[in-house]
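A.B. asks: Handing you a structure now.
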Amino acid sequence: MIDEERICICVAEGHDLGAPFDPRFGRAPTFLLTNRGGTAVEVVDNPGADAASGAGARAANLMGSLGVKHVVAGHFGPKAERGLVAAGAAMWLAPEGLTAAEVLARFTAGELIPHR
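When we follow the working numbering, the leftmost residue of the sequence shown carries the number -15, and every step to the right adds one.
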């Protein structure tokens, strides 16, 4: 259980903060949920990653049910955006080529760009 605001970082593979960041919110295979200090990490598989359609909406619903307050990805589709807004989650943009730890460090330092 994460002890403060949950932050979701989309990752391509792996189960820790060393995992490579995946910019695709709806299609990322795995989500890392963590806190600002990175002291708690929970791994959640994305059930909609391989869906024919609606992957972003499914992922957004999952974030809402998990109480995620911040989601970091490279881009968000319109359905994902609507779902995350409804869930009260802030969306942040990070560049490709980083690890989850690097994304978290940039988030904590206030270096990520807010989505909209």
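Backbone N, C-alpha and C fix where the C-beta goes; we use that ideal spot for every residue, glycine too.
Note that the structure is a prediction, hence the values are computed from the model and not measured.
1. Roughly how many whole angstroms lie between the Cα atoms of V55 and A33?
2. What's the gap between the Cα of L16 and the Cα of I(-9)?
3. Provide the residue span of the beta strand (DSSP E) that contains F15, from first to last.
4. If you check the beta carbons only, do L50 and W76 fall under 8 angstroms apart?
5. Measuring CA to CA, which of R20, F9 and N19 is closest to D29?
C.D. replies: Taking the definition as stated:
1. The sequence position of residue 55 within the sequence shown is 71, counting from 1. The sequence position of residue 33 within the sequence shown is 49, counting from 1. Taking the straight line joining both Cα atoms gives about 16 angstroms.
2. Start at 1 with the first residue of the sequence shown, and residue 16 comes out as number 32. Start at 1 with the first residue of the sequence shown, and residue -9 comes out as number 7. Answer to the nearest angstrom: the Cα atoms are 8 angstroms apart.
3. Within the sequence shown, numbered from 1, the residue matching residue 15 stands at position 31. Where F15 is concerned, the enclosing beta strand (DSSP E) stretches over T14 to T18.
4. Along the sequence shown, one-based indexing puts residue 50 at 66. Along the sequence shown, one-based indexing puts residue 76 at 92. Against a cut-off of 8 angstroms, the Cβ pair of W76 and L50 comes out as no contact.
5. By one-based count along the sequence shown, residue 29 stands at place 45. Answer by Cα proximity: F9.
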